[in-house]
Amino acid sequence: MVGTTLGPSGLVSLLHGDNVQLQGFALTKLNEVVDQYWPDISDDVTSIEILYEDPDFPQRNLAALVASKVYYHLGDYSQSTTYALGAGDLFDISSKDEFVETIVSHCIDTFVQNQAKSYSSGDFDSYEADPKQSSRLAVVVDKMLQRCYADREYKQAIGIALEAKRTDILRRTIDESKDDNLLTYVLDTSIDVVQDLDFRNDILRLLLENFTNQIEPDYFSTIKCVVHLNDPSTAASLLSNLIAKNDEHSLLTAYQMAFDLESSSTQQFLQRLLAALPEATSDTGAKAGDENTAKIQSNIREILSGTKSIKLHLEFLYRNNKADIAILNKIRDSLEARNSIFHSGVTFANAFMNAGTTADGFFRDNLEWLSKASNWSKFSATAALGVIHKGHLNQGMTLLGPYLPQEGVTGSPYSEGGSLYALGLIHANHGGPTIEFLRNEFSKTTDETIQHGAALGLGVAAMGSGDDDTYEVLKGVLFGDSAIAGEATGLAMGLVMLGTGSEKAIEEMVQYAHETQHEKIIRGLAMGLALLMYGREGGAQQLIEQLSRDDNPILRYGGMFTIAMAYCGTGNTTAFEKLLHCAVSDVHDDVRRAAVIGLGFVMFRNPSALCRTIGLLNESYNAHVRYGAAMALGISCAGTALPEALDLLEPMTKDATDFVRQGAFIATAMVLVQHNDQSNPKVVAARKQYEEIITNKHQDAVSKFGASLASGIIDAGGRNVTMRLQSLSGSNNMQAIVGMAVFTQFWYWFPLAHFLSLSFTPTAIIGLNKNLDVPELEFVSDAKPVLFAYPPETPQEENKTAEKVETAVLSTTAKAKARAKKAEKEKADGDVMDTDQAQEEDKMDTDEKLPEQEETERPASPKKPEPTSETLSNFSRVVPWQLKHISFKHDSRYTPIKKVAVGVLMMKDRRPDEEVHLIELRNDELNTGAQSEEEAPMPEEFEYPPSSTAMSILSIGNVLFAQTEYQNSRYENLTFPTSSKSSRDDFLASLKGGEYERVAAINRHLHDKTIGRFDAEIIGALPSSVKLIANIGAGYDQIDVQAATERGIYVTNTPDAVRESTADTALFLLLAVTRNFSAGQAAVAGDEWLGVVSRGRDPSSLTVGVLGMGSIGQAFAERCRALSATLQYHNRSPSKLAPAGVTYVDFETLLKTSDVIMVSVPLNKGTTHILSTKEFRLMKKGSYLINTARGPIIDEQAMVDALDDGTLSGVGLDVFENEPKVHPGLKRPGCVLLPHMGTHTSDASKLMEVQSLENICDVLGGGRRNIVPEQAECHF
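Going from the sequence shown to this note's numbering is simple: count from 1 and add 17.
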C-alpha cells in the first residue's frame, strides 16, 4: 500500500528514519522510478550516499546502484562509476540499457588510463581475474572481456589490451580466439596505432613467439616482427631452418623472406644478419646435397646484399623507360643555361625523369648546353649521373671513371667532387667495397669541394651502416672547420650513424655545433643529429628537448627534423603537438617551416588527418609556414592523388610568394606521381601549369625552378617509380624517408636535391622461379587498362615554315566551284545526259552538298568496345592502386608464394615437368661490361671549352695580392677583365653602349675611387646579365643595396676577411687612448720624457661597451677578455655568437654605463649619426670612443663638442666622416687618429680578394655565401 501512495519525495523521506526495512523498501522503489524522477531524488542524494557508507546497512549495494543512476542522469560519470562499482553484482554489465553501456565504457576508459600510467611508470602488477585479488574496476573489465570472448568479439578485447598496455590480456585473448588471422590483425594494428615503442616491442615479442609456434608459421609476418625488433639473429635462425627443410616451398619462402628483409632493413641489420648466417662453402669432395645447400646459402647472401633486387629493378626501369624527352627539351630551350639556377633545374629534371634507367642520352645529346655549367652547377650535373645510373653497381666505377680524381691529373674539383657524390648515389645504401674507395678519396684530398662531394657520397653509400671507422674519418675533416666540407661532413656523419642513437656521436656533434661559427656546418650537423635519431621515438626525447630549446635557430631547426625522424609514421600525439606548437610560436621562420614539414613525416600513415591540420596552416600569414604546409602535403600524400591534398595545394600554386609557389609545384608532382588523366583529371592541369610557368619569360626564377623539378618528379624513373614513405611490407621505408628529409634541404643547397632519388620505388611485379631466374609468366589486371596506362607522350614539334593565309571565299562561290568541278568530271566521263546536267544545275543552293559535307555525313564506324581487363607479363609496371585488381588465373603455371605485392615475388611452378621459357635480361651486357650494337655508347666526359663557357667577371680596381689564386685552374670558367675607365661618366657611357653586355658579376674593390658609389644610376644601367656585385671589403655603404635588389642583383661582402685585422686595430686604439700612449710618444719625440704625460686608465678597471656584435665585434670582445675588462654589448637583438661573459644591454644602458664604447656597426640609413649630441649627453664624463667602422656613423661636430665639454677624454679613430678630410677639432692631445688603415695589411687585402672570388663562384653557382643581410630573404 505504501508503495502505491508515496511519490518520490515520500520515498526519499523514508530514508531518514531508523527502520531498515522501510529504508530497503524505499531504495527498491526508488531504483524502479529513478530514470523518471531523478531530479526529485537528486535533491536528497546525500541520504542515499550515507546509507551506502554505513557498513552495517544490509542493502548498501542497492543504495550504491540508486546513487549511481542519479549521478549518471546528472552527467557526473566519475561519481556514477564509483557507485556503480560499489553496487557489486546488482550492476549487471550484461544489461543492454544506455546507463549500463555508458558506465561500462567509462569503467574501461578509467581502467585503460590507470593501466597505461602504471606501465609508463614501471609500477605494474600482473592482472588477475580473481575478484578477491582485483579491484572492483578490474572485475568489471574482466566481465566485459568474458562477454567479448562469449560473443567472439575478439577485436574489442584486443583494443582494450592495446590501450591499457596489457600484454597479459593480449596473450589471453589470442589464446581464447585460437584464430591465427587475429595475429596478423594485432601485428598491423600495433605497427599503425601503438605509439609507445617499448610496449610495441613487447607486443611484437609476444607475436613473434606465437608466429614461430604455429604449425604452419606465417614467415612473412614473422619477418615484420623481426625487422621492427631489430633482431637479426632470429631472422638468421628462421632462414637456416627453412633451408634445412630442403623442399621447394621452404626454399621459395626463404628466398622471399630474404627479399623482404633486404627491402625493409638497414645496412647494419643486414650486415649482422649475414654475419649470423653460416658461410656458403662447397668443397670439391662434398656431397650433392651439401653443394645444393651451399648454393642456396650463396643465393640468400646475394639477395641480402641487395645486388639481386637492384639488378632486377634496374632491368625493369631499363626495359620500360617511358621518359618523355620532348618535355626535357622544352625545359632546356625555355631556361637560360648560363643562369645557374636554371641550369640546375634542367639537370634535376633530367636526373629525376631518368632515375635508375641508365638513359643518359640527354646529357650526351646536349653537350653544348652542358658545357655552360660552371662550378656548383657542374658539380650537380656530374652528380646527376649517379641518379640516372642508380643501382648500376657493377659499372659504377667505369661509368664515372673520366670524372673521378686521378693521380697526377689536375681536373675540375667540381667535376671530381660531383663524381664522388654520384658514385655514392649509385651505391646508395649498398656501399660494399665502394665505401673504402670513397673513404680513401675523402681522406687524401685537401680540396674542400672534393671533400664535399666525397662526404655526401660516403654518407649515402654507408647509410645506416653504423661504421665507426667511417664516422671517425668524417669527424677528422669536420674539425678542420671548413664551411663547405664541414656542411657535407656533418650530414654524412648522421647518414652513416642513421638510427643508431649513438651517445658519443650526439655529444661530439652537439658540442662542435656550439663551437663553430659557420652556419653551413651547424646546419649539416643539425640534420645529421636528426638522422641519428631515426626511428628512436621516445629515445630521442632528451635530444629533442635540448635542440628545440637552443638559442641557435639552426639547432632548433634540427630539433624539428629530429622529431620528424624519431617519430616518422607513428602519428604520435606528443610529437604532433610539439611540432604544431613550434610551427605557430617560434620566432624564426626557418624553424617554423621545418616544424610544419615535420608534420608530413610524422603523419604520413594518416594523410587525411594531416590534410585537416594543414587546412588550418596553408592560409597562414607567414609564407614560410605556407611553404612548409605544401611540402608536408607532398611528403605525406606522395603518390596518393588524394583529392583533399590537391584541393589544398591548388591555391598555393598561385600564392603571392614565389617560394610558396615553388613548394606547391613540387608537392603537387609528388602527390600525382604515376597518375594519368583517368585516375585523376587534375594531372593534365598540373602538367600544363608546369609548362606555362617554365615557358613564360616573365615568371620568376624560383617558380621556374620549382616547375622544372616538378616536371621531373611527376615522370620520375621513366614513369615507372612511385614515392611512398611506407615500404611494400608495411614498415617504414627508411631509404625513402631519409631521401625525402635531405631533399628538403635543397632550400639551402641545390646539390642535395639529388637525394630525392632515394625515395623512388619501382612499381613492378617481378616473378622469379626457384633458380632465381625470370620465367615468362602472365597475370591479369581485372580493370580497364586506360586507368593505369602511361600518360601519352608529348607530340614532337615540327619545324614550321611560313604559310600563306587562305583567301576568304564566300559559301556561294565555294558551291559554284564545286558544281563546276563536278560538271567537268561528268562531261569527261560522258556518262551524263544534258537534261540531267541541266536539272542538276537548276537545284537550289540549299540542296547542294559539298564533297566535304558528304564526307562528314557518312555514318561513323562502330566504336571498338573498351577492354575491361588486360593480361600482363613478367616485368610489367603495376601501380600500387592497381594491386587490388591483380590476380593469377586458376590454371596459371606460376603462382606467387605470398599475397601479390609490388616488387620481387617468388613463384611456385605448378608444372615443373614442362619446358621453362626464361626472359633474357637486357641489362646483362651492361653489367658485364659488354655492349650490344643497338645500345648507346658510354657517355663521354663532359667538355667545358673555355672559349664558349667562360663567364666574364668585371673587376673595378686591380687585384693586387691574389693574382695566383685568380689564375687557379678551379676558376677556369671565369675571366677577369679590369675596367679601364678613369671616370664615372666614362663607365656609364660604356654601360649604355653595351661594352659590358656579357658580364655576369662585378668584383668591386673597396678603395676604388675612379667610378665612385654604385648608386641607383649605375646599377640601373648594368646589363641584365649581371647577377652579382661582389664587394672586396666588409663595408658596402658604397653600393645601393635597395637598387640592386630591385634589379634582382645580389650583393656580397667579405666580413670574415677583415675580422682579425680590424679587431687588432680597435684594440690598439683602445690601449693607445686609455693609456695615453700617443702623448708619451710625442713626449719622447720632443725630449720631454714622462713629466708632461697625464696618467691613463687600466682596461681591467673599465667597462667596455661594444656597439654591434658582428664578426668584428666578436673578435674585439675576445681580445678584450684577455685584458680582464668588463664587457657588454648592444645589437639589434641578442647574439648567440657573442663570447661568453659579454652581457647584452639596451642602447641607452650601453651609453650610460660604458667607460669605453667601440663602434662596430655597418653604415646605412639607420646607423648614420647613430652617435650624435643626444647620445653623447647620455655618456659618462671622461669616457672614451673607438671607431673602426665608418666615419658617418658618428656626428663629428657633436664628437668634437663632447671632447670640448669633457664628456669624452679621448677618441681613437681609423675612419672619418668626410675622408680624407679630418675635422680640425680632432687634432688635439688625447685623440689617436689613423688614416683608415685598419685593414691596410697585405694579408687582409689578399684574404678580401680571395673571399670575394669565392663569393662570386658560390653565388653564381646557386649558393648564398656572404650575401648582405638586407638580401637575406631574397631569391633571384
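Cβ coordinates follow ideal geometry from the N, Cα and C atoms, glycine included.
Reduced DSSP secondary structure (H/G/I, E/B, other) of Ile110: Of the three classes helix, strand and coil, the one that applies to Ile110 here is coil, per DSSP.
task: Buried or exposed for Trp1106, please, with buried defined as at least 16 other CB atoms from any protein chain shown within 10 angstroms of its CB.
output: exposed
- prompt: Hey, quick one: how far does the beta strand (DSSP E) through His1253 stretch, first residue to last?
  reply: Premise fails: His1253 is in no beta strand (DSSP E) and is neither H nor E.
task: Could you give the DSSP three-state label for Leu1195: helix, strand or coil?
output: helix
- prompt: Do you know how far the Cα of Val1217 is from the Cα of Leu1243?
  reply: 6 Å
query: Nearest-angstrom Cα distance between Asp717 and Asp235?
result: In a straight line, the C-alpha of Asp717 is about 56 Å away from that of Asp235.
task: Can you have a look at Thr981 and say buried or exposed, based on whether 16 or more other CB atoms are within 10 angstroms of its CB?
output: By the neighbour-count rule (16 or more Cβ atoms within 10 Å), Thr981 is not buried but exposed.
- request: State the DSSP-derived secondary structure class of Pro660, mapped to helix, strand or coil.
  value: helix
Other residues of its chain near Thr251: CB distance less than 6 Å, five sequence neighbours each side excluded: Val243
task: Look at the alpha carbon of Thr1062 and the alpha carbon of Gln1288, and state the distance between them as a whole number of angstroms.
output: Those two C-alpha atoms are separated by around 7 Å.
message: Whole angstroms are fine: how far does the CA of Leu1005 sit from the CA of Glu951?
response: Because the pLDDT at Glu951 is just 40, under 50, the model does not fix this residue reliably, and the value given afterwards should be weighed accordingly. Roughly 58 Å separates the two Cα atoms.
- request: Could you give the DSSP three-state label for Gly1122: helix, strand or coil?
  value: strand
- prompt: With distances taken from CA atoms, which of Thr415, Gly435 and Phe359 is nearest Phe396?
  reply: Gly435
task: Let me know if Phe1031 comes out buried or exposed under the rule of 16 or more other beta-carbons within 10 Å of its beta-carbon.
output: Buried, by the Cβ-count rule.
query: In or out: Gln38 buried (at least 16 other Cβ within 10 Å) or exposed?
result: exposed
- prompt: Does the region 697-708 come within contact of the region 740-750, defined as at least 3 CB pairs closer than 8 Å?
  reply: no
task: Report buried or exposed for Gln752, applying the criterion of at least 16 other Cβ atoms within 10 angstroms of its Cβ.
output: For Gln752, the number of other beta carbons within 10 angstroms of its own is at least 16, and it is reported as buried.
message: Judging by CA-CA distance, which residue of Val1068, Asp732 and Asn693 is the nearest neighbour of Pro802?
response: Asn693
task: Go ahead and label Gly1279 buried or exposed: buried means 16 or more other beta carbons lie within 10 angstroms of its beta carbon, across all protein chains shown.
output: buried
- request: May I ask you to verify whether the region 527-534 touches the region 753-761, counting CB pairs closer than 8 Å and requiring at least 3?
  value: Counting Cβ pairs under 8 Å, fewer than three are found: no touch.
query: What are the residues that DSSP puts in a beta bridge with Lys1238?
result: Asn1235
- prompt: Once you ignore the five residues that flank Met1196 on each side, which residues in its own chain have a CB closer than 6 Å to its CB?
  reply: Leu1168 and Thr1224
message: What does the alpha-carbon distance come out to for the pair Ala1038 and Lys714?
response: 21 Å
message: What does the Cβ neighbour count give for Arg553, buried or exposed, with the cut at 16 atoms within 10 Å?
response: buried
message: Using a Cβ distance threshold of 8 Å, determine whether the region 1206-1213 contacts the region 1173-1183, with at least three qualifying pairs required.
response: yes
task: Write down every uninterrupted run of the alpha helix (DSSP H) in the region 56-134 whose length is 4 residues or greater and which is fully enclosed by it, in chain order.
output: Segments of the alpha helix (DSSP H) lying fully in the region 56-134: 62-70, 77-91 and 94-103.
query: Comparing the C-beta of Gly784 with each C-beta of chain D, is any distance below 7 Å?
result: Among the chains in the structure shown there is no chain D, since it carries only a single protein chain.
- prompt: If we count the other Cβ atoms within 10 Å of its Cβ and call it buried at 16 or more, is Phe496 buried or exposed?
  reply: exposed
- request: Quick one: give me the first and last residue of the alpha helix (DSSP H) that Asn1020 is part of.
  value: Counting along the chain, Asn1020 falls outside any alpha helix (DSSP H), though it belongs to the beta strand (DSSP E) covering Val1016 to His1022.
- prompt: Nearest to Ala368 by CA position, among Pro768, Val797, Glu1014 and Pro295, is which residue?
  reply: Pro768
- prompt: Tell me the DSSP bridge mates of Met1175?
  reply: The beta-bridge partner set that DSSP reports for Met1175 consists of Val1123 and Ile1203.
query: Is Arg894 helix, strand or coil by DSSP?
result: In the three-state DSSP reduction, Arg894 falls in the strand class (E or B).
- prompt: Ends of the alpha helix (DSSP H) at Gln1131?
  reply: Ser1128 to Arg1138
- prompt: Taking Cβ positions, are Ser326 and Val791 nearer each other than 7 Å?
  reply: no
field: Closest by C-alpha distance to Ser1041, when choosing among Ala500, Ile1056, Ala1018 and Lys1026
entry: Distance from the Cα of Ser1041 is smallest, within the candidate group Ala500, Ile1056, Ala1018 and Lys1026, for Ala1018.
- prompt: Are the Cβ atoms of His8 and Asp1231 separated by less than 7 Å?
  reply: Nothing about residue 8 can be read from this structure; the chain reaches only from 18 to 1293.
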